[in-house]
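Here the numbering used here is used: the first residue of the sequence shown is 482, the next is one more, and so on.
To start, the structure under review is shown below, and the notes come after it.
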Amino acid sequence: QDWWEVAEAKSGAAFGLACRTGTRIATDDKKQYERFGQFGRHLGLVIQVLDDANDFFDIETITTIGQLQTPEWSLPVAYAVDVLPPKKSAYLKGCLEALNAEKANCEEVVALIRQSGASLYMETTLLHHRKQALEVLSKAAPPSEAIEKLRELLDSLMPTWLTID
């Protein structure tokens with residue numbers, strides 16, 4: 482929950498405000514600029530989840546902590562700590578502390594995060610916010626070249642490892 486509150490404040494609210502403000506300059510239609518604000522919020526959350534997902538997938542290819550910063554507050558770590566059984570969650574926290582203190586091998590951290598189902602959670606979350614963004618965008622304004630460009634922008638952010646139906 483803490484991660485989502487930070488992501489909302491950091492990215493969701495900022496992108497929402499930018500989209501709402503841009504639309505507000507163009508129209509007095511309150512529903513329209515509120516919907517574009519909702520689109521921006523979902524876009525910002527997609528970007529934040531992708532940032533954390535990319536950090537995690539980068540870790541999987543690196544064997545020592547000396548080559549990266551430990552993503553202690555990343556979505557996959559926060560999810561794993563939250564859903565793993567208490568003993569495994571405590572063990573994960575201990576492994577993260579060891580990574581910071583000793584620059585130890587990070588394979589155990591990656592394995593625990595994978596066991597938690599964090600990858601599936603991130604995929605599901607990305608698909609959810611993509612769907613929400615597209616739904617609100619379809620209600621925000623009639624089809625146009627600009628709306629299509631926003632759809633294309635959103636889809637261009639989706640990673641190749643994500644299956645979109």
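Heads up, the beta-carbon is just placed ideally off N, CA and C, and yes, glycines get one too.
According to DSSP, is residue i helix, strand or coil?
i	result
Leu643	coil
Thr542	In this prediction, Thr542 has a pLDDT of 48, which is less than 50 and means its spatial position is unreliable; what the coordinates show is noted afterwards. Thr542 falls in the coil class under three-state DSSP.
Gln482	coil
Ala559	helix
Asp536	helix
Thr606	helix
Ala614	helix
What residue does the alpha helix (DSSP H) around residue i start on, and which one ends it?
i	result
Ile598	At residue 598 the sequence reads Gly, which differs from the Ile that was named. It is not in any alpha helix (DSSP H) - Gly598 carries neither H nor E in the DSSP assignment.
Leu565	Looking at the DSSP string, Leu565 is not in any alpha helix (DSSP H), and its letter there is neither H nor E.
Glu489	Premise fails: Glu489 is in no alpha helix (DSSP H) and is neither H nor E.
Asp636	Glu626 to Leu638
To the nearest angstrom, how far is the alpha carbon of residue i from that of residue j?
i	j	result
Gly493	Arg516	14 Å
Thr610	Gln513	Looking at the sequence itself, residue 610 is His, so the reference to Thr does not match. So the two alpha carbons sit approximately 19 Å from each other.
Ala495	Pro624	25 Å
Arg501	Leu635	17 Å
Pro566	Ala579	20 Å
Ala621	Gly497	13 Å
His523	Lys612	9 Å
Glu626	Lys569	50 Å
Glu489	Leu526	7 Å
Thr542	Ala559	Legend: pLDDT at Thr542 = 48, less than 50; position of this residue unreliable, no value from coordinates given.
Arg600	Asp536	What sits at residue 600 in the sequence shown is Ser, not Arg. The alpha-carbon atoms of Ser600 and Asp536 are separated by roughly 12 Å.
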